Structure formats: C-alpha cells, structure tokens
Amino acid sequence: MAKVTDIVLWDKPGEKVILLGNQAIARGALEANIAVFAAYPGTPSSELTDTMAMVAKKAGVYMEYSTNEKVAFETALSAAWAGLRAMTAMKHVGLNVAADTFMSAVGMGVEGGFVIMVADDPSMWSSQNEQDTRVYAKFANVPVLEPISPHEAKEMTKYAFELSEKFKHFVILRTTTRSSHARGDVVLGELPEEIKTGKRKFGEFKKDPSRFVDVPANARRFHPQILEKIEKIREELNNCPFNWIEGKEDAKVGIIAPGLSYAYVKEALAWLGIEDVKILKLGTPFPVPYGLLEKFIDGLEKVLIVEELEPVVEEQVKTWAYDKGLTIPIHGKDLVPRIYEMTTRRAVEAIAKFLGLETPIDFAELDEKYKKVSEMVPPRPPSLCPACPHRNTFYAIKKAATPRAIFPSDIGCYTLGVLPPLKAVDTTVAMGGSIGVAHGLSIALNGSVAEDEHKEGKEKKVIVATIGDSTFFHTGLPALANAIYNRSNVVIVVVDNLVTAMTGDQPNPGTGDTPHGPGKQIKIEEVARALGADFVAVVDPYDIKATTETIKKALQVEGVSVVVSRRVCALHRIGELRRAGIKWPLYQVNEEKCTGCKICINAYGCPAIYWDAESGKAKVDPLMCWGCGGCAQVCPFDAFEKVREGEL
C-alpha cells in the first residue's frame, strides 16, 4: 500500500485517490508550484504542516517548523515579497499570534502568491476558544476561501495562489476541524516540472521603502488602496468556480450556505424531502460576491443563511439588502446557533423552523434518551499517557511546593495536569501565558524582589509555573525575560519532552532537527542562564526524588528559578522501541507488600494502575505499562516490582 506522502507526490494526473483534507491542501500547494512553506504546528492544521515537511525536500520546497506563527507568517510573507509562491498554516488562535504582522502588512501586498491556511475549531475540540477567522479577514479586508470537500480544498488552494497573484493580495484558505480531518476522493492534477524534479526555487527582492516600510505616511496611503482592492476582488468572485446557484429557478425561498455548511444543508433538505428551494453555495464567505447574490435573490420571498459561528455572511447580505432597499425577510442567527459546530441536525431544525415544518424525528425525545444513557456510562476523562514524564514532574512539584502553592500552566498535553489526582494546574490562558501569569501573580501577591517591601519567608505565596519545551520557544522567552528583568519571585519548570508532542511529535529548537537537514540545537537551560535567571537546573523526571529535591532548592531562591525537567515523550519513545522490536521493562504489584493505601492511584494516577476491589490491592495492566518505574518510587511499601522475564 502506498504511503500518503508518496501519493501526495504522485505524477498521475487524473488519478483518483483518498486524502485527508489537510493532505489535499498540501497536494494543491504542490500543484500550484509552491516554493516556501513555514508553519508552527497547531491542531487541526498539523497534518498539512507534517505532510509538507515529509515531501518538501523531494519536491524542492523549502519547509520549516517556525518557532511561532508570527515568525512563520513573516517567513512566508517575505518569500512572497521576493516573487515566490509561499504559504503558512496555523490554527485559529495561531492567527492571534501572527495578527500584528497580518494586520500591518496587508497594504504592502505581495509579488508571488501568498496563502494563509487557518484551521478553525468550532466546538473547541482541541482549543481554548472557537473564534471565527472570517471576522479577522473582514477586519483586515483579506478574502476567504472555504472548501466543502478534500477535492475542493485541493482545487481551492491552487485558485487561492492565482487570486493572490492577480491582485497582489493576501488570501486566507479557511478550514474547520471537520474539513481538515475529513477523508474523501481527490482527483490529482498536473505537477509542475520544478516540483517533479525537486528543483529548489529562488526569488528576487526589489527594494521599495515606500511599499515595505510601514511608517504612518505609507500606511495612510495603503488603507484606501486596500478598500479599493477588496471591492475589485468581490467583483472577481462573481465568477469564482466555487460559488454557484442551484435548485429551482422559480423557487420562492432561498438558502445561502457558505463553506461546509453547504454539505449540511444538502443533507438536511434530503432528510426533510424538500426540493422547491434555491441554494447559493458560497466558497467565498468574505467578500460575498454581490453580483451573484443579486441574481440569487431575484424572485425570492424569504432567505435563510445557514453558517457556522459568527454572522459574517449574514451581516454582509443584510447590509447589501438594506442598501438596495429590499424588504424580504432574511433569517440567520435567529434560527441558527451562534455557538459550536454545524451539524445536520442543526441545519434540519433551522430549515424546519424557517419553513414552518415538523422535524422528521423528535430531537427533544432523542436528547432525553441520550441523557439517560450517558448517566449509565462511566466517565472517561482524558489522561496523561502511562510513563508520561509530566506526571512525575507534577508529582514532584506537589511534593516540593505543597498543594497550597499556585500553579500557572500553559497550552500542551501537560495541561492535563489540571485533572485529579495531580491537580497541579490552576491557570491556563494561551501559549506562553504561564510565565506571564506567574510573574503577574508574584507581583500582585509577593511584590518584586527589587521592591523594599516585598514579602519574604513564610508569608510569601509560592508560585510554580509549568511550560513545555516547544511553547517555551514559541512565546515563553519574552515572558521569561520580563520576569527576570522585573525581579519577580517564581519557579518556572520547563517540561521538556524533546518533541512538540501534543500536535504530532514535530521538532523544535530544543531538538535541533529540521525537515531540510540538521539545525542547531538550542538548550533551554543555556537560554535561561543567558537571560539571567537566578537559579537554573536540569533534572530527569524519572528520578522523582532528585526532581523533588531540586524544586525544593529552587523554591529557596529569591528571584526567578528555572528547572528543566527533561525526558523524551513516553509515546514517542514507545513508538521508536516498537519499530525497533525492543521490549521495555514492566512492573507488577507484590500483593504481599501492598497495603491498599491507594497512594499510587489517589496521588500518582498512572492509567496503567487500577484498583482490584476483590483483593483490595492495586494492580498493573501489563498492556498499558510502559516501564517508567514511577509507581515503584511513589509506593511507600515497595510493592511495585520489575517483572522478571517469563513472569507474565
């Protein structure tokens, strides 16, 4: 069976293959002859980035895992300034990080096509909010393309580069969790000769300070140009191949469905058995093409807009209708929820209310049955993996600092430290926020060490922040510099598992690996010392006692202490061992020594350990044990023992 990375590079025009939405976008970028791709991984965009990383060298594309989204954006933007086709990818909150450059550079335009892939996460399956990128695009006057299928995602990617180059303007390709992670048929197109031969492309930058230096005098000139350009793009989109009108021409009711909502509308109409309706399918939710809209609305008596999250299309349509003096009812968020992702059910309920129909099933009765069944099913909360080094680090932090300390944390798999029994996460806001919050709390509760009246001794509130290695490089550095400079009193524990584990084991500056060859490894402890941290140490979290003692030492220091807790991600390590055919040690409980104290369960919480009610003892599931030995270290009665060969 062919690997996906091979399929993405197949020189087989017309061949039909099955690809993930994100992988289809990668293929589209290759068919568009992309030259530079830069991104920081973020779910649900990660597969695009990882696919590009795996094929880039063979395709002659420069690809990098940038330290954050702003840096990635600037890398790709600069390549587009130099006349190359370039792309960056991020999740929706990643655009917040890139927003400074995104908003400021729009007026400068581009020479080569520049596509910004942003993956939104309605219902927040893996995110801290569900912001709608289309609102950002409207604010910045950047057009948005939104696909309904993997094949359309591929084709849209190519169109996005062409549109960007034609108008010398940014273009956003917006996906959602569903469209990024859906699999479907994709018909392969032609690959450019440079991609097939793996020839690296280089650009040329022409100096033009009046364009590329964003001082107020230039920015004032840019703004009216941006507004003029977006209206020209709006006109262009009247002929966009991803926008169309379908259904009965003499229908009296119409439905406007942007992006993936179109697929849900089609399913809902089939379920309701409705045919006498006209549909405007919009692949471009911003700007709405008014010429096509006017053609669609002609003859209609009422309109429903079915869109996910914010009323971006609705506001544009209603504004246009008001300016035109139209009085037909236009419904949207009065019938379609503004929160969480679109579903067929939501589309059915909205359309049924819009048309005064009964839904095909009693959804309220279904909800009641679901509630009753849910109460019978035991909860399955997420958990840190067996042998996860973060569990040991959190356990050591709680032992050293006591639960009365305050524990700001960050975005990563270690955020699961908020759950019982660890309960070692008190705040999480955004990437890099743990250090900033820790500093702020220290100033608010203890005062700066530089102040004469700062708190000392027992009165001092203990604050221990945790942050991952990739996040440390992403946005932790400025916050650390700020805390050291302003002399706050905190301990910062960097949980360094030597990969960007949460989004798929991508490299970062701490690993030194890059898709285009060996990079330069940057040691977190060396950075902390160079910034002037008052105490710096490196520990192995698999040695819980030593880790605990080191954190205790850090807590005695007045100022900023940085403890790097370094051990490779357990999931990553086990994967490598399995591929190499190497076995790892297992642990079991010596029932004669086990007293049933439950410390291993109630304080440590490894998912490989469970309680056997019949024997009144703890037990280890051998299929889940990954051999870290943490259980043996936390048990006060030495009941956990390494399994000898042949015992299981």
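Here our numbering is used: position 125 in the sequence shown is 913, and no number is missing along the way.
Just so it is clear, CB atoms sit at the ideal spot from N, CA and C, and this is done for glycine as well.
Since the model is a prediction, treat every value here as computed from it, not as a measurement.
- Within the DSSP secondary-structure output, W1108 pairs in no beta bridge.
- When C-alpha distances from A1045 are compared across D1038, P1170 and P1099, the shortest belongs to P1099.
- Our two residues, M1219 and G1061, have alpha carbons roughly 47 Å apart in a direct line.
- If you look at D908, you'll find it in the beta strand (DSSP E) that goes F902 to D908.
- Counted as a single uninterrupted DSSP element, the alpha helix (DSSP H) harbouring W1059 occupies residues S1049 to L1060.
- Setting aside the 5 residues that flank it on each side, G897 is surrounded in the same chain by K956 and H957, each with a C-beta closer than 7 Å to its C-beta; the list follows chain order.
- Counting only runs of at least 3 residues, the region 1243 to 1329 fully encloses the following beta strand (DSSP E) elements, listed from N- to C-terminal order: 1252 to 1256, 1278 to 1284 and 1323 to 1327.
- Remark: C-beta atoms of G901 and I1014 do not approach each other more closely than 8 Å.
- A827 has its alpha-carbon roughly 5 Å from the corresponding atom of A877.
- Contact between the region 1000 to 1016 and the region 936 to 956 is absent: fewer than three C-beta pairs spanning the two stretches fall below 8 Å.
- The continuous stretches of beta strand (DSSP E) do not include L1143, which lies in the alpha helix (DSSP H) extending over residues T1132 to L1143.
- For the set S914, I1067, I936 and M905, the Cα lying nearest the Cα of T921 is the one of M905.
- When only Cα atoms are considered, F1142 and H1119 end up about 8 Å apart.
- As computed with DSSP, F825 is found in a beta bridge with M851 and M875.
- Note that the C-beta distance between S937 and G977 is not below 8 Å.
- The region 905 to 919 makes no contact with the region 855 to 865: fewer than 3 CB pairs, one atom from each, lie closer than 8 Å.
- With a cut-off of 8 Å on Cβ pairs, the region 1054 to 1074 is in contact with the region 926 to 937, counting three or more such pairs.
- Three or more beta-carbon pairs drawn from the region 1079 to 1098 and the region 1017 to 1034 are found closer than 8 Å, and the two stretches are therefore classed as touching.
- If you draw a 10 Å sphere on the C-beta of V1282, you find 16 or more other C-beta atoms in it, and that means buried.
- Between T1147 and V1136, the C-beta gap is smaller than 8 Å, which places the two residues in contact.
- Within the same chain, P829, S834 and D838 come within 7 Å of G1292 by CB-CB distance, once the 5 residues on both sides are set aside.
- In the same chain as V1356, and ignoring 5 residues on each side of it, the C-beta atoms closer than 8 Å to its own belong to P1177, N1285, L1286 and V1287, in chain order.
- Boundaries of the alpha helix (DSSP H) around Q1013: P1004 to E1024.
- In the displayed model, K1405 falls within a strand according to three-state DSSP.
- Setting aside the 5 residues that flank it on each side, K1090 is surrounded in the same chain by K1040, V1041, G1042, I1116, P1117, I1118, H1119 and F1142, each with a C-beta closer than 8 Å to its C-beta; the list follows chain order.
- Rounded to whole angstroms, K1157 and V1408 show a C-alpha spacing of 36 Å.
- Take D1064, set aside five residues on each side of it, and the residues of its chain with a beta-carbon closer than 7 Å to its own are K1036 and A1039, in chain order.
- Nearest neighbour of S1276 by Cα position, chosen from G1298, I1312, A1321 and L1210, turns out to be A1321.
- Ranked by Cα distance from P1029, the options A948, G802 and L1097 are led by A948.
- The alpha helix (DSSP H) runs of length 4 or more contained entirely in the region 1077 to 1103 are, from start to end of the chain, 1078 to 1085.
- With contact defined as three or more Cβ pairs closer than 8 Å, the region 1195 to 1214 and the region 1340 to 1354 are not in contact.
- Here K858 really is in contact with A886; their C-beta atoms are around 5 Å apart, less than 8 Å.
- Residues A826, A827, Y828, A860 and T863 of the same chain have their beta carbon placed closer than 7 Å to that of S854, with the five preceding and five following residues left out of the count.
- Of the residues assessed, K995 falls on the exposed side of the cut-off, its CB having fewer than 16 other CB atoms within 10 angstroms.
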